[in-house]
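Residue numbers for the sequence shown follow my numbering, beginning at -6 and rising by one.
Report on the following structure.
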Amino acid sequence: FPLGSLVPVTTVCLGLFAVGVTGNMVTVLLIGRYQDMRTTTNLYLASMAVSDLFILLGLPFDLYRLWRSRPWVFGSLLCRLSLYLGEGCTSATLVHMTALSVERYLAICRPLRACVLVTRSRVPVLIAALWAAALLSAGPFFFLVVTLSPGAPPSPPSGPEAAALFSRECRPSRAQLSALRIMLWVTTAYFFLPFLCLSILYGLAGRELWKTRGLLQGPAALGREKDHRQTVRVLIVVVLAFIACWLPFHIGRIIYINTEDTRMMYFSQYFNIVALQLFYLSASINPILYNLISKKYRAAACKLL
């Protein structure tokens, strides 16, 4: 890529890294520190913040690859982990959002059942199970990239070992490429299917809130309804931001794995640079959204800081 493209992309990504790491750490700290912030919903949001922090750890490696695709100097383990953690954490975010939609549906539409099933003591166990499922589902990605030495460097090195070192890349081998393509299709489906579930459950919850609007009496009932509306509003905004940021990323993947034409490959590279920035924006934006929408979050953040 030309320097005129790399410099602004790097500037944006470094800004997202700083904002994302700071914001997500604040989210985890204030939910962990203040008892009134430790609701079942906020426990999920804290876990999602941890997931976003792990996703942001992959940003420096992606920037390195943009500037220099070779040599890969971080070793075979980090080559594998950089892909595996990114895929595992994106899967974790998806299953957390799905679990949250189920919890909100139960709390609004089936409150008696929610009192039995959704308790503060059970949620950490469920969160651990969600992490285990997400990391296991991403397991194949750990084995689909390796450090390879595909060719000689552009200038003569001092010896064959130097040539191999200079040309080392972190990428799938030819034998692993077809398996990686299959896994990318699987993760794309893994992205779209949960949002069908989210749309249905939040639609049902929204309809229930609309039906009960004005029917509830008493301060306790009205307070619960207000909390439900606030929580659903926050979660819907988070989900919409997530879709807006991740949809181009998955479209870029589909274009890339189905492109053989040289001009389309050129377009794919630049499209994926934009998609990469949106991908990391999704890992940075949630604390900002919480701060804009939730008075309770703002008050707790001010108290913490």
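All C-beta atoms in this analysis are idealised placements derived from N, C-alpha and C, irrespective of residue type, glycine included.
| Check | Outcome |
| --- | --- |
| Per-residue burial, Y301 [other beta carbons within 10 Å of its own, 16 or more giving buried] | For residue 301 there is no data in the structure shown, the boundaries of the chain being -6 and 298. |
| Residues that T140 bridges to, as DSSP identifies them | C163 |
| Buried versus exposed call for S171 [16 or more other C-beta atoms within 10 Å across all chains shown] | exposed |
| Residues of its chain near I250, where Cβ-Cβ distance is below 7 angstroms and the 5 sequence neighbours each way are ignored | R174, L177 |
| Straight-line gap, N284 to A294 (C-alpha atoms, nearest Å) | 8 angstroms |
| CA-to-CA distance, I236 to S40, given in whole angstroms | 19 angstroms |
| Among V88, D29, R73, the one whose alpha carbon lies nearest that of S44 | V88 |
| For E162 and T140, believed in contact at Cβ under 8 angstroms, the rounded distance | 7 angstroms |
| The segment 121 to 138 contacting the segment 229 to 247, beta-carbon criterion three pairs below 8 angstroms | no |
| DSSP state of I278 mapped onto helix, strand, coil | coil |
| E154, buried or exposed, once every other Cβ within 10 Å from all chains shown has been counted against 16 | At E154, the pLDDT of 46 sits below 50, so the modelled position is not reliable; the number obtained from the coordinates is stated separately. Label assigned to E154: exposed. |
| Within 8 angstroms, strictly: CB atoms of M257 and P187 | no |
| Contact set for A127: own chain, Cβ-Cβ below 6 angstroms, skip 5 residues either direction | G81, S84, A85, V88 |
| CA-to-CA distance, A268 to P(-5), given in whole angstroms | 18 angstroms |
| For N251, three-class secondary structure by DSSP | coil |
| Contacts around R291, its chain only, beta-carbon distance under 6 angstroms, and the 5 residues preceding and following it disregarded | N284 |
| Within 8 angstroms, strictly: CB atoms of S94 and Y195 | yes |
| Closest by C-alpha distance to L225, when choosing among L189, R115, L52, R200 | Residue identity check: residue 225 is Val in the sequence provided, not Leu. Comparing Cα positions, the closest option is R200. |
| In chain order, each alpha helix (DSSP H) run of at least 4 residues that lies wholly inside the segment 46 to 71 | 52 to 60 |
| Residues near Q270 by beta carbon distance below 8 angstroms, same chain, minus five either side | V2, V5, C6, L9 |
| Whole-angstrom C-beta distance between L197 and Y98, which should lie under 8 angstroms | 6 angstroms |
| Cβ-Cβ distance between W124 and F184 below 8 angstroms | no |
| Test item: CB-CB of I248 and S261 under 8 angstroms | yes |
| Distance between Y273 and L52 (C-alpha atoms, nearest Å) | 8 angstroms |
| Distance CB(L59)-CB(L(-1)) smaller than 8 angstroms | yes |
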